Structure formats: structure tokens, C-alpha cells
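**Student:**
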Amino acid sequence: MLVKQIPKDFYVEELINIKPKAQGDYTYFWLIKKNWTTMRAVQQISKACRASKRRFKFAGTKDKFAITTQAVSAFKISADALEKIDLKDIKIEIIGKGDKQISLGDLEGNKFEIIVRDLIKKDLEKLNKKAEGIKSGFKNFFGPQRFGRGNTHLIGKEITKGKLQVDVEILITFIGDKETETAQRFREFAKDNWGKWKQILSKAPKFLGIEKNVLNWLVKHPTDFAGALRKVSKPIRKLYVHAYQSWIFNKALHKLGKKDLPEKVPVPGFKTKLGKDTFSREIKKILKQDNIKLEDFKCIRIPELSSEGTERKTIIKPKQFKVGKPEKDELNKGKQKIKLQFELPKGIYATVLIGELFDEKN
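Plus 18 on top of the position in the sequence shown (first one is 1) and you've got the working numbering.
Right, dumping it as C-alpha cells:
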């Protein structure tokens with residue numbers, strides 16, 4: 019099974035609640051992109067307009083290796099200026115005007131059209147068995163995107179423990195499954211020469227910008243690991259802690275059958291109240307194994323990363339769920355492909371639904 023073999027295999031479009039007007043300080047437009055991160059695309063659009071990127075707001079980031087459509091607001095930038103922009107693999111369609119910027123609260127969900135490739139008879143049999151069950155709901159795991167190259171939640175765990183040197187070491191030396199050879203060699207060198215910050219920095223490839231920022235700080239402040247971590251942008255640092263919370267949630271959810279689950283359960287944080295229910299007991303077990311207490315999510319060494327926790331639905335029912343007929347896969351000889359169409363609420367991962375359909379591990 020292959021997802022995203024080519025960008026057009028994965029199409030996602032925002033379902034967003036905005037009410038355009040004829041007048042207003044904000045111009046709303048659809049950003050349609052391929053092979054661009056949302057941040058990079060918006061940065062290039064702002065440059066083309068000769069405007070600060072802070073004047074552009076959106077509800078959330080979208081995949082790079084895909085074709086995506088999302089709404090963006092531009093403060094005091096004309097529709098004419100936006101329509102003149104010519105960037106490869108970026109298209110802009112004007113929606114209208116408005117009095118407020120677009121934010122996460124405007125997003126209701128996403129519509130997906132996904133081609134799954136490289137399928138054999140066994141895969142199609144699994145799909146046929148699972149498809150009807152998916153309509154009644156699937157377990158709402160956090161998807162693999164939440165965990166980056168595999169170390170994101172590990173960094174988050176050590177932040178809650180206050181072990182910041184360990185955090186920095188994981189950030190720089192951890193080798194993920196999809197690392198380039200250049201990155202692997204650098205991380206191995208860093209591990210073997212830990213503490214020799216100038217030497218490690220001299221070997222850091224240009225594309226490892228986060229690691230270079232951290233190392234530049236350590237060259238000047240060799241033992242200030244809190245300061246080094248603060249050279250990582252705050253949204254990414256917060257993602258480390260959120261990834262650890264998500265990992266705990268996934269592990270607890272994995273232990274329980276669909277019939278055992280209430281509608282909502284906690285994603286643990288320092289304000290979480292755990293009860294005597296099965297899910298709470300699983301979370302308590304995981305926290306005990308990791309030697310973590312709920313109050314540790316206050317992250318006292320880096321308090322701006324504290325997380326009070328939240329609740330998350332356990333089961334999600336996709337809307338407009340459709341499975342196409344199997345077709346010949348033109349990219350994989352002797353294999354078949356199939357199209358999936360569905361809508362999901364915001365914050366729910368399409369990759370999890372696909373994993374459930376084909377019995378892939380989430």
C-alpha cells in the first residue's frame with residue numbers, strides 16, 4: 019500500500035466558515051498549492067506583495083507533498099495585487115473581503131480525495147471488510163505527522179522532566195527512519211563528539227537549521243541548555259510537549275476496544291483530573307512507567323511550554339465516505355489503485371482512517 023506516491027494522489031480542501039463581503043480590510047483568497055509547505059508559500063506570496071508575512075493569516079498548515087486548498091486572509095492587500103502573483107505550483111483564487119483575519123476557529127474540517135496505490139488482492143479484501151465499519155466510526159488516534167521524525171515526543175517527555183541536556187542531545191543526535199545519509203553522518207559525529215560544540219557545528223549541514231541555531235547558542239553558552247532550546251521557535255517547542263501528550267493518548271487508546279470507550283477522554287496535562295475509568299487507569303500506568311506526574315506538564319524549567327491538557331473524542335465518523343472501484347495502477351506494474359473520498363472534522367488525521375482501512379498500525 020502506498021499513499022502520496024505523487025502529490026496529486028493526496029488532495030485536501032478546507033471546509034471553512036467565513037462570510038465574505040464586498041468591502042473590508044482583509045482580502046480572503048484560496049491558496050492552492052503543490053509541493054509547498056503553507057509557511058513557505060505564504061512567505062513567498064508576502065515577498066511578491068512586498069508586504070510583511072504577518073499580514074497573512076490562515077487556519078492551519080497543510081501537507082507539502084500534496085495538492086491542497088486552504089483559505090488565507092491578507093490585511094490591506096488588494097485582490098489585484100494577489101491575482102498578479104506568479105509562483106510555480108501556486109494558484110490564488112479570490113474569495114472576497116472581510117473585517118477579520120482567518121484563524122483556527124474558522125476551520126470546521128477538511129475534505130479529502132486520496133489515491134491509494136500498490137494494492138494487491140489481499141489489500142482489497144481488507145478494504146472490503148473494513149469499509150462498512152469505518153462508516154460507523156474509527157478510533158481517533160493522533161497521526162504519524164504529530165511525531166515528526168520519531169523523536170518529537172521523546173523531546174517532549176524530557177522537557178516535562180526538566181532534563182534539558184537530554185532534550186538537546188535527542189534533538190541533535192537522534193536518527194530517524196527517513197534521514198538522509200548526510201544527516202545520519204552528522205548525527206553520528208555529534209553523538210561521538212558530544213560537548214565539542216564548535217566541531218559539531220562545523221559538520222552541521224545547511225538544511226538542519228534548527229540544530230544549527232541550537233549549536234550556535236551552545237558555542238557561546240556551553241552549558242545553557244534552556245537557552246539552547248529557546249533557539250527553537252516557540253510553536254515547534256510547544257509541539258514537542260503536545261507530541262508527548264499525544265503519544266500517551268495513543269498508547270492508552272490502543273489498549274481499549276471501541277466498545278469500552280466513552281465519547282471523550284483526557285489528553286493529559288497539569289489540569290487533568292483522572293478518574294477510575296479504564297482509560298484513566300491506562301494513562302496512570304503510562305505516566306508511572308515514564309516516572310511522570312500530571313503536574314510535570316507545568317514544565318517548570320521552560321514554563322512557557324506548560325500544557326494544561328484537553329479532551330479528545332475517541333471515535334470519529336467520517337462524512338461523505340466513498341470508496342471507488344479498483345483500477346489498474348499505472349505507476350506500479352501488476353498492482354491496483356483505489357480512490358477514497360471523505361470529510362473529517364478539524365484536527366483529525368486522514369492517515370489514521372487509511373491505516374484503519376488497511377490494518378496498518380497507528
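Quick reminder that beta carbons are idealized off the backbone N, C-alpha and C, glycines included. Here the structure is a predicted model, which means the values were calculated and not measured.
1) For R167, name the three-state secondary structure that DSSP assigns.
2) What's the C-alpha gap between K438 and G342?
3) Assuming N128 and K303 are in contact, meaning their beta carbons sit under 8 angstroms apart, how far apart are those beta carbons, in whole angstroms?
4) Helix, strand or coil for A66, going by three-state DSSP, please let me know.
5) Can you tell me whether S264 is buried or exposed? The criterion is at least 16 other CB atoms within 10 Å of its CB, across all chains shown.
6) Any chance the region 41-59 sits against the region 124-138, with 3 or more Cβ pairs inside 8 angstroms?
7) Mapping the DSSP letters down to three states, classify G287 as helix, strand or coil.
8) For L279, I'd like the list of residues in its chain whose CB is within less than 6 angstroms of its CB, leaving aside the five on either flank, ordered along the chain.
9) Would you decide whether S325 is buried or exposed? Buried here means 16 or more other CB atoms lie within 10 Å of its CB.
10) Under the assumption that K355 contacts I133 (Cβ atoms under 8 angstroms), give the Cβ distance between them as a whole number of angstroms.
11) With a cut-off of 8 angstroms, do at least 3 Cβ pairs link the region 64-75 to the region 88-101?
12) Counting only runs that start and end within the region 227-267, where is the alpha helix (DSSP H) found for 4 or more residues in a row?
13) Tell me the rounded alpha-carbon separation between K337 and Y29.
14) Thinking C-alpha only, which one of F192, I85, E197 is nearest W212?
15) Around the C-beta of N15, are 16 or more other C-beta atoms found within 10 angstroms, so that it is buried, or is it exposed?
16) Please name the residue in L312, L323, P162, Q359 whose C-alpha comes closest to that of K340.
17) So L17 packs on A201, CB below 8 angstroms; how close in whole Å?
18) By the DSSP assignment, the alpha helix (DSSP H) with Q202 in it spans what residues?
19) Quick one: Cα of A77 to Cα of Q88, how far?
20) Under a three-way DSSP split, which group does E329 fall into?
21) Could you give the distance in angstroms between the alpha-carbon of L210 and the alpha-carbon of T178?
22) Could you tell me which of K216, K252, K224, I228 sits nearest to H239, measuring between CA atoms?
23) Can you name the start and end residues of the alpha helix (DSSP H) that K303 belongs to?
**Tutor:** This is what the structure gives:
1) Reduced to three states, the DSSP call for R167 is coil.
2) Outside the modelled stretch of the chain, which goes from 19 to 380, sits residue 438, for which no answer is possible.
3) In fact, because the Cβ distance is near 34 angstroms, the residues do not count as touching under 8 angstroms.
4) The answer is helix: DSSP assigns A66 an H, G or I state.
5) Label assigned to S264: buried.
6) Because the criterion of three Cβ pairs below 8 angstroms is not met, the region 41-59 and the region 124-138 do not touch.
7) Coil.
8) The answer, listed in chain order, is T332.
9) By the 10 Å Cβ count, S325 comes out buried.
10) Contact between K355 and I133 holds: CB atoms are separated by about 6 angstroms, below the 8 angstroms threshold.
11) With a cut-off of 8 angstroms, the region 88-101 and the region 64-75 count as touching, because enough Cβ pairs lie within range.
12) If we require 4 residues or more, the alpha helix (DSSP H) runs fully inside the region 227-267 come out as 227-238, 243-247.
13) Each residue's CA atom was taken as its position, placing K337 and Y29 some 16 angstroms apart.
14) Among F192, I85, E197, the Cα nearest to that of W212 is on F192.
15) No answer is possible for residue 15: it lies beyond the span of the chain, which begins at 19 and ends at 380.
16) With distances taken between Cα atoms, K340 lies closest to Q359.
17) Residue 17 lies beyond the stretch modelled for the chain, which goes from 19 to 380, so this question has no answer here.
18) Under the DSSP assignment, Q202 falls in the alpha helix (DSSP H) whose first and last residues are 199-210.
19) Going by C-alpha positions, A77 is about 8 angstroms away from Q88.
20) Here E329 sits in strand by DSSP.
21) The displayed chain sequence assigns Asp, not Leu, to residue 210. Between D210 and T178, the C-alpha separation is close to 26 angstroms.
22) Of the listed residues, the one whose Cα sits closest to H239 is K216.
23) K303 -> alpha helix (DSSP H) spans 296-307.
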